[in-house]
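Reviewing the structure listed below.
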Amino acid sequence: DYAAAGAFDRATAPLARPDAALRALLDAGDVRGFLSAAVRAGKNIVVSGGTSTGKTTFLNALLKEVPRDQRLVLIEDAPEIRLVHANAVGLVAAKGDQGQARVGTEDLLQASLRLRPDRIILGELRGAEAFSFLRAVSSGHPGSMTTVHADDPRGAIEQLALMALQAGANLRRQDVIDHVERVVDVFVQLHRQDGVRAVREIVFIDR
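Taken in order, the sequence shown gives residues 53 to 259; the numbers are from the numbering used here.
See below:
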């Protein structure tokens with residue numbers, strides 16, 4: 053059995069929970085340090101905000117912290133993210149006649165899983181593809197990121213749940229909300245005031 057084979061002989065407990073170090077950075081007000089460490093630690097991040105709050109620009113900045121040895125798959129409706137990474141693949145949805153999507157975000161999410169990504173980066177969640185994104189992220193792709201249109205982190209959670217339910221899954225709304233909160237580690241809320249874009253709030257769901 054495992055014990056006889058010595059499978060447990062070298063097992064050790066971690067010296068400190070990584071989430072404790074992240075929480076300490078956030079509690080100390082070191083937002084930049086927290087976000088950088090959260091990306092490197094493989095936390096799943098959702099950037100939320102209203103119109104013209106700089107969600108895509110902020111996502112671009114976060115992606116610069118991803119370790120260079122990790123494989124990224126970037127999925128967008130339109131090419132907006134300037135991804136400078138040694139091991140990245142970009143996929144863009146193709147529009148058909150009269151604006152109908154020939155190859156949509158949902159299709160690209162399914163295709164991305166065959167590209168063996170370490171992280172999946174989705175430019176913006178807009179609809180039922182949220183269900184596939186959450187499922188993909190929770191099945192072995194930590195450190196994935198996306199953006200969503202919402203006025204606060206609670207609204208972002210509700211919006212993600214609503215979009216996931218549009219996929220037709222036979223789930224209760226509260227069950228989907230609970231799943232969102234289990235999958236997403238960090239919500240970054242952006243706002244714009246007097247022409248200045250800034251981080252208004254960060255919600256870190258430490259485990």
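Where a beta carbon is used, it is the ideal one built from N, C-alpha and C, also for glycine. All figures in this text were calculated on a predicted structure; none of them were measured in a lab.
My guess is that residue i and residue j are in contact by the Cβ rule of under 8 Å, so how many angstroms apart are they, rounded?
{"i": "Thr105", "j": "Arg244", "result": "5 Å"}
{"i": "Thr108", "j": "Ile133", "result": "6 Å"}
{"i": "Ala169", "j": "Leu124", "result": "Note that residue 169 is Pro in the sequence shown, not Ala. Pro169 to Leu124, Cβ: 6 Å. Contact."}
{"i": "Val189", "j": "Leu167", "result": "Not quite, the Cβ-Cβ distance comes to about 15 Å (not below 8 Å), so this is no contact."}
{"i": "Arg75", "j": "Phe256", "result": "7 Å"}
{"i": "Asp258", "j": "Asp129", "result": "Going by Cβ atoms, the distance from Asp258 to Asp129 rounds to 32 Å, so no, they are not a contact pair."}
{"i": "Leu165", "j": "Leu143", "result": "With a Cβ gap of about 12 Å, Leu165 and Leu143 do not count as contacting."}
For residue i, which option in the options has the closest C-alpha, if you only look at C-alpha atoms?
{"i": "Gly175", "options": "Pro131, Met215, Val255, Val232", "result": "Pro131"}
{"i": "Asp203", "options": "Asn222, Arg171, Leu212, Gln218", "result": "Leu212"}
{"i": "Asn222", "options": "Arg249, Pro70, Lys147, Phe183", "result": "Phe183"}
{"i": "Leu135", "options": "Ala146, Ala90, Ala208, Leu111", "result": "Leu111"}
{"i": "Ala138", "options": "Ala145, Arg120, Glu181", "result": "Arg120"}
{"i": "Ala216", "options": "Ile172, Ala180, Val251", "result": "Ala180"}
{"i": "Ile229", "options": "Glu210, Gly220, Leu242", "result": "Glu210"}
Where residue i and residue j are concerned, what is the direct C-alpha to C-alpha distance, given to the nearest angstrom?
{"i": "Val232", "j": "Leu78", "result": "21 Å"}
{"i": "Ala73", "j": "Arg154", "result": "45 Å"}
{"i": "Gln122", "j": "Met197", "result": "14 Å"}
{"i": "Glu117", "j": "Val83", "result": "14 Å"}
{"i": "Phe185", "j": "Gln162", "result": "9 Å"}
{"i": "Arg225", "j": "His201", "result": "19 Å"}
{"i": "Phe86", "j": "Glu158", "result": "31 Å"}
{"i": "Leu214", "j": "Asp246", "result": "31 Å"}
{"i": "Arg178", "j": "Ala80", "result": "34 Å"}
{"i": "Thr199", "j": "Val99", "result": "5 Å"}
{"i": "Val145", "j": "Ser191", "result": "Reading the sequence as shown, one finds Ala at residue 145 and not Val. If you take the alpha carbons of Ala145 and Ser191, they lie about 23 Å apart."}
{"i": "Val91", "j": "Pro194", "result": "10 Å"}
With a threshold of 8 Å between beta carbons, is residue i in contact with chain D?
{"i": "Arg225", "result": "Looking at the structure shown, chain D is missing, and only one protein chain is on hand."}
Let's test the definition: count the other Cβ atoms within 10 Å of the Cβ of residue i and tell me whether it reaches 16, buried, or not, exposed.
{"i": "Thr103", "result": "exposed"}
{"i": "Glu253", "result": "exposed"}
{"i": "Gln218", "result": "exposed"}
{"i": "Ala208", "result": "buried"}
{"i": "Gly101", "result": "buried"}
Three CB pairs or more closer than 8 Å across the region 233-243 and the region 91-98: yes
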